[in-house]
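Take a look at the structure set out below.
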Amino acid sequence: MRIEARVYKILGTHPRVPKLLSWDPEICCIRMEYVTHGSLKDYMDKNEEKLSPELRLRWAKQAAEGLTLLHSHDILHCDISPRNFLLDENLDLKISDFGSVSISGAEPTATAGTRFRWPVMDWDIPPTVEDDIFSLGSLIYFIMSGVYPYKDTASDEVEKLYMN
9 MRIEARVYKI
19 LGTHPRVPKL
29 LSWDPEICCI
39 RMEYVTHGSL
49 KDYMDKNEEK
59 LSPELRLRWA
69 KQAAEGLTLL
79 HSHDILHCDI
89 SPRNFLLDEN
99 LDLKISDFGS
109 VSISGAEPTA
119 TAGTRFRWPV
129 MDWDIPPTVE
139 DDIFSLGSLI
149 YFIMSGVYPY
159 KDTASDEVEK
169 LYMN
């Protein structure tokens, strides 16, 4: 939580990031704005048939804007996926869940799932902007198609498919 609070303070107020309302380090509690429509994944699962190409394109652009904001502050997200983007009352996308970030090259605490990360994950090598960009590409695939990359493929096979 401390890392997450630090990221929100570094980023400040931005339309692609939920607002930090308060942070209490003594009890390690973050209070955030309520984001009406929940995660991108949940919203798309419930509304897949109703989503226009224009809305999907807007979300792809907004996801890129959010990630660009992080990268402009030397922050790597390291866990890009549809569950880590939230939709507000206007169906605008906000990047969230900064618990796994790498700030200024520090080691991340987690990484994206198999379908949303570069297949060669070596914990001895620091994450890169390119890793986040690969994950963004997988996210955009999900936004445009409504399905995870290689949805019906076993996780251990996904890495092999990405490498080919």
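Whatever position you read off the sequence shown (first residue = 1), add 8 for this note's numbering. Think of the CB as a built atom: it goes at the ideal place given N, C-alpha and C, for glycine as much as any other residue.
Report the three-state DSSP secondary structure of Ile88 (helix, strand or coil). coil
Alpha helix (DSSP H) segment containing Leu175, residue limits: Not covered by the structure: residue 175. The range shown for the chain is 9 to 172.
The alpha helix (DSSP H) that contains Lys102, what's its start and end? Lys102 -> not in any alpha helix (DSSP H); beta strand (DSSP E) instead, spanning 101-103.
Which of the three DSSP states is assigned to Asp82 in this structure? coil
Taking DSSP as the reference, what is the three-state secondary structure of Leu28? strand
Cα-Cα separation between Asp105 and Met40, rounded to whole angstroms: 11 Å
Assign Ser60 to one of three DSSP states: helix, strand, or coil. coil
Taking Ile151 as part of the alpha helix (DSSP H), name the residues at either end of that continuous run. 137-153
Have a look at Lys49 and Gly74 and give me their C-alpha separation to the nearest angstrom. 17 Å
Can you tell me the Cα-Cα spacing of Arg91 and Cys36, whole angstroms? 22 Å
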